[in-house]
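The first sequence runs 4 to 443 under our numbering.
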Amino acid sequence: MGEILPYLYLLKIGGRYGFSMTEQSAVNAHQPRPNIFDRYVCSPTIFRSNREILRPSYIPSSLPHREREIDQLAAIISIGLNGDRPSNVLVFGKTGTGKTATVRFISNEASRMTRERKIEFLYVNCCEADTNYGVVQYMVNSFITNPEERAPYNGWSMERIYTLFKEKTEQLGRLVVVVLDELDRLVYKAGDDLLYNLSRINDDLKNSKLSIIGIANDLKFTDFLDARVRSRLGEERIVFSPYNAGELSDILRDRAGLVFQEGVLDEDVIPLCSALAAQEHGDARRALELLRVAGESAERERRTKITAADVYRAKEKIELDTVSETLRTLPYQSKILLMSIIIHSEKRSMMTTGDVYEVYRNLCNSVGVQPLTQRRIGDLLSELDMLGILRARVRSFGRGGRTKEVELAVPINETRDILAGDELLKSYRTSHARVQTTLI
DNA sequence: CATCCACAGGAAGATCTGGTAG
DNA sequence: CTACCAGATCTTCCTGTGGATG
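Here you go:
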């Protein structure tokens, strides 16, 4: 019998609580006695239509400053409308440069081009389906309408699910364009086996053809591909450059016109959102988010104007929300580790892997959890560094050895509070005093 | 200039999870 | 029930190393 690890159960607690109020729930609000939601369901003073238009999932009817890229991609895909197989394409660009929007735009256009659909687009986000099996399973299931026939999340062999995918593609009898968004993530995590198979699938297909559009942030990910895969996949390349502040302003103005009531935006709001987002590698997604959150905060306070101050506040809110969401969804062991770092930070802000590990072991003991090995903790520290929660850099102290120097990169008190909101708190509160004494 | 500390971090493989299939 | 699957997580074992120090 395997040992039961207690953290598996404790981990379940403290999940996500964020309920978002939908437009529909507002409809049921008129009742004889005052409803608690009344004061939130105010008259439309700020937003005039669906604020979803400001979310990244929304595909607008035109994409300003992406005409060249749209042309390039359309030229490639149009080959498919004549019954031939378009080249595989790799699309590169930083987050929020309009890669996904452009590809989706093209796929929408291609789909309504002819009455009988000649091209079937399969969109897969490789962040959500982030394993080879996961991607194929997702693609197979998007062919299947009957829920009882859907492929399971696990249990099947890779070969079985891949064969089914080939069969389904073949049955379709037309061009299938597979869009693999965030492809670099998949390759880093799961290698290029799937790409190898997909890129030569046409050898086995008679009635159908398959093309691949790979979307990636990182230009260098192709270095990790097998040479054959690299040449087959990168038949065409399109690079999206970041938007500059002026271009971001155009995008924001377009969308703001659709979403906001006339005259609610102070004139410096859009330039400010654009400037802030331009600092972050021209991320349109960020610019739109700033605008939306600023609008929501003005609405909540029942004001009729959105000001620059709202934008600055939105910026802070977004940053804080991102961090606290990351903290809340951390695995249990990482939370214990982070708590150890906080405990140590109260004495000294800089620490080495060895320091952290000692505190961590003590904390595990007092909480009653089996501690992980130092090797593993080293990896977890690197993960927390990647998430931006820590700063961990490798440093040599000569004869003092070579180690990671670790420092907390988020505010200590807020972080402790968020971690303490978890079940961990109960153990931590009771054990805190003991841990403190064992440290000295 | 060799030594040596305190790890870093790669490789391989064990263990566990949540499933299918016979 | 057993055999098997993919993937996540973690351990064991290992070689490598920057630079202060004797």
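From the three backbone atoms N, C-alpha and C, an ideal C-beta is built for every residue, glycine too.
Rounded to whole angstroms, the Cβ separation of L294 and A259 is 7 Å, and the two are in contact under 8 Å. In the three-state reduction of the DSSP assignment, Y61 falls in the coil class, being assigned neither a helical nor a strand state. For M142, the three-state secondary structure derived from DSSP is helix. In this structure, the straight-line span from the alpha carbon of K338 to that of L422 is close to 7 Å.
Fully enclosed beta strand (DSSP E) runs of no fewer than 3 residues occupy 393-399 and 405-411 of the stretch 347-414, in order along the chain.
Across the set F108, G298, L387 and K223, the C-alpha of G298 shows the shortest separation from the C-alpha of F50. Note that the C-beta distance between N135 and A193 is below 8 Å.
Among the bridge pairs identified by DSSP, E270 is matched with none. With a cutoff of 8 Å on beta-carbon distance, F263 and K102 are scored as not near each other. When C-alpha distances from R316 are compared across Y61, A301, L341 and E408, the shortest belongs to A301.
Close CB contacts of L66 within its chain, under the 7 Å cut and outside five residues either way in sequence, are with I73, G101, A104, T105 and F108 (chain order). By DSSP's assignment, K212 forms a beta bridge with L178. Closest in alpha carbon position to S90, among N38, R402, I241 and N157, is I241. Close CB contacts of G357 within its chain, under the 7 Å cut and outside five residues either way in sequence, are with T406 (chain order). For secondary structure counted as the alpha helix (DSSP H) over 4 or more consecutive residues, the stretch 60-131 holds these complete runs in sequence order: 70-84 and 102-114.
Of the candidates D195, R303, F227 and R364, R364 places its Cα closest to the Cα of R379. In the three-state scheme derived from DSSP, where H, G and I count as helix and E and B as strand, E239 is classed as strand. For L294, the three-state secondary structure derived from DSSP is helix. Between the alpha carbons of S110 and D206 lies a gap of roughly 25 Å. Contact between I215 and L167 does not hold, since the beta-carbon distance rounds to 19 Å and is not under 8 Å. By the Cβ-count criterion, M354 is buried, with 16 or more other Cβ atoms from all chains shown falling within 10 Å of its own Cβ. With contact defined as three or more Cβ pairs closer than 8 Å, the stretch 174-182 and the stretch 78-95 are in contact. When only Cα atoms are considered, A154 and I415 end up about 45 Å apart. Nearest to V92 by C-alpha distance, out of L213, T172, E131 and N144, is L213.
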